[in-house]
Amino acid sequence: AQSVSQHNHHVILSEAASLELGCNYSYGGTVNLFWYVQYPGQHLQLLLKYFSGDPLVKGIKGFEAEFIKSKFSFNLRKPSVQWSDTAEYFCAVRVDKLSFGAGTTVTVRA
Amino acid sequence: GAGVSQSPSNKVTEKGKDVELRCDPISGHTALYWYRQSLGQGLEFLIYFQGNSAPDKSGLPSDRFSAERTGGSVSTLTIQRTQQEDSAVYLCASSPVGAYSYEQYFGPGTRLTVT
């Protein structure tokens with residue numbers, strides 16, 4: 005069965021710092037990849053997704069993610085975070101069903 | 069426009085009681101999903117409805133869990149004889165197209181607490 009691993013449970017950083025959240029998955033075939041975000045008190049929403057083509061995908065709010073097939077990874081990045089990026093971030097991988105990682109809580113200090 | 073709505077937002081129930089959780093998907097969305105989010109864990113897939121097809125129930129953790137979708141719209145997740153380990157946030161999502169690869173729009177969830 006496929007699995008999704010997010011390396012960091014909780015990340016704390018200051019505004020303007022760079023952010024990178026790791027995501028690895030276990031399936032070796034064709035996958036679709038997603039990052040979802042849940043801001044405090046809000047619904048889960050899609051940040052970005054990868055289906056095919058350019059492995060560097062750009063999402064909303066300045067986020068991007070890079071698909072590295074050889075490493076089974078889909079890490080999320082943002083060069084300069086803001087206080088409003090405080091949220092929980094979930095990586096998800098679709099083979100047949102959508103499988104989610106455990107999530108990473110990001111706290112940005114003003 | 070209106071998003072996915074779920075009710076109730078919070079439910080506290082005693083162990084052994086049955087509960088029903090409701091999901092209203094976005095109008096026109098043919099696919100509907102239920103997930104469970106337990107503390108410190110990711111979202112666990114429970115069940116998937118697509119149009120008139122037989123639902124994919126492969127994620128339901130036990131036969132105490134069941135779900136139906138009436139008229140291709142509203143869905144109800146029922147948990148019978150609740151146990152403390154059922155305590156979690158139950159999330160519903162819908163998408164305009166079947167197949168899991170399309171973006172899913174999530175509701176606010178129902179927080180279930182079994183005492």
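Residue numbers (the working numbering), protein chains in the order written: chain A, 5 to 114; chain B, 69 to 183. We put the beta carbon where it would ideally sit given N, CA and C, even for glycine. If you're wondering where the values come from, they're calculated on a predicted model, not measured in any experiment.
**Prompt:** Of the residues that make up the segment 109–130 of chain B, which ones have a beta carbon closer than 9 Å to any beta carbon in chain A?
**Reply:** Q109, G110, L111, E112, F113, Y116, D124, S126 and G127
**Message:** Please classify B/P93 as buried or exposed, where buried requires at least 16 neighbouring CB atoms within 10 angstroms.
**Reply:** One-based indexing of the second sequence puts residue 93 of chain B at position 25. Buried, by the Cβ-count rule.
**Request:** Report the three-state DSSP secondary structure of A/S7 (helix, strand or coil).
**Result:** As a first step, residue 7 of chain A is located in the first sequence; it is residue number 3 there, counting from the start. Residue state, collapsed to three classes: coil.
**Asked** Are the C-beta atoms of B/P93 and some chain A residue less than 7 Å apart?
**Response** Locating residue 93 of chain B in the second sequence gives position 25, where the first residue counts as 1. No, its Cβ sits nowhere closer than 7 Å to a Cβ of chain A.
**Item:** Per-residue contacts from B/P176 into chain A (C-beta, under 7 Å)
**Value:** By 1-based counting over the second sequence, the position of residue 176 of chain B is 108. By Cβ distance, chain A contributes H47.
**Request:** Step through the CB atoms of chain B and report whether any lies within less than 7 Å of the CB of A/L52.
**Result:** As a working mapping, residue 52 of chain A is identified with position 48 in the first sequence. No, A/L52 lies away from the interface with chain B (no Cβ there is under 7 Å from its Cβ).
**Message:** In the DSSP assignment, the beta strand (DSSP E) including A/A106 goes from what residue to what residue?
**Reply:** Here residue 106 of chain A is taken as the residue at index 102 of the first sequence, counted from 1. Per DSSP, A/A106 belongs to no beta strand (DSSP E) and is neither H nor E.
**Item:** Rounded separation between B/S77 and A/K101 - CA only
**Value:** Within the second sequence, the letter at position 9 stands for residue 77 of chain B. Within the first sequence, the letter at position 97 stands for residue 101 of chain A. When rounded, the distance between both Cα atoms is 26 Å.
**Message:** Quick check: is the beta carbon of B/E153 nearer than 7 Å to any beta carbon in chain A?
**Reply:** Counted from its first residue, the second sequence places residue 153 of chain B at position 85. So no, B/E153 is outside the interface.
**Request:** Closer than 7 Å by beta-carbon distance: list the chain B residues that pair up with A/G105, in chain order.
**Result:** The residue given as residue 105 of chain A occupies position 101 in the first sequence. Simply G110.
**Item:** Closest Cα partner of A/F71 within the set A/T108, A/A96, A/H13 and A/S22
**Value:** Taking the first sequence and counting its residues from 1, one reaches residue 71 of chain A at position 67. Among A/T108, A/A96, A/H13 and A/S22, the Cα nearest to that of A/F71 is on A/A96.
**Asked** What three-state label does DSSP hand B/Q109 in the structure shown?
**Response** The residue you call residue 109 of chain B lines up with position 41 of the second sequence. Residue state, collapsed to three classes: coil.
**Message:** Please return the same chain residues whose Cβ sits closer than 7 Å to the Cβ of A/F106, not counting the five positions on each side in sequence.
**Reply:** Taking the first sequence and counting its residues from 1, the one referred to as residue 106 of chain A is at position 102. One point to set straight first is that residue 106 of chain A is Ala, not Phe, in the sequence displayed. Closer than 7 Å at Cβ, skipping near neighbours: Q10.
**Request:** Classify B/D131 as helix, strand or coil using the three-state DSSP reduction.
**Result:** The residue you call residue 131 of chain B lines up with position 63 of the second sequence. B/D131: coil per DSSP, three-state reduction.
**Asked** Is the segment 161–180 of chain B close to the segment 98–105 of chain B, with three or more CB pairs under 8 Å?
**Response** yes
**Asked** Which whole-angstrom value is the C-beta distance of A/E68 and A/K75, which I expect to be below 8 Å?
**Response** Taking the first residue of the first sequence as 1, we reach residue 68 of chain A at position 64. Taking the first residue of the first sequence as 1, we reach residue 75 of chain A at position 71. So it is not a contact: roughly 17 Å between Cβ atoms.
**Which of helix, strand or coil DSSP assigns to B/K79** = Reading the second sequence from its first residue, position 11 is the one you call residue 79 of chain B. DSSP places B/K79 in the strand class (E or B) of the three-state scheme.
**Alpha-carbon to alpha-carbon, A/A91 and B/R104** = What you label residue 104 of chain B is simply residue 36 of the second sequence in a count that begins at 1. What you label residue 91 of chain A is simply residue 87 of the first sequence in a count that begins at 1. Here the alpha carbons of A/A91 and B/R104 stand approximately 19 Å from one another.
**Prompt:** Going by other Cβ atoms of all chains shown within 10 Å of its Cβ, with 16 needed for buried, is B/D154 buried or exposed?
**Reply:** In the second sequence, the residue the question calls residue 154 of chain B occupies position 86. Around the C-beta of B/D154, 16 or more other C-beta atoms lie within 10 Å, and the residue is accordingly described as buried.
**Request:** Grab me the residues of B/E82's own chain with a C-beta within less than 7 Å of its C-beta, minus the 5 sequence neighbours each way, in chain order.
**Result:** Within the second sequence, numbered from 1, the residue matching residue 82 of chain B stands at position 14. Scanning its chain for C-beta atoms nearer than 7 Å, with the 5 sequence neighbours on each side dropped, one finds around B/E82 the residues T183, in chain order.
**Message:** Assuming contact is defined by CB atoms lying nearer than 7 Å, are B/L84 and B/R149 in contact in what I supplied?
**Reply:** For the purposes of this step, residue 84 of chain B is identified with residue 16 of the second sequence, where counting begins at 1. For the purposes of this step, residue 149 of chain B is identified with residue 81 of the second sequence, where counting begins at 1. In the sequence under discussion, the amino acid at residue 84 of chain B is Gly, which differs from the Leu named in the question. Yes, Cβ-Cβ distance for B/G84 and B/R149 is below 7 Å.
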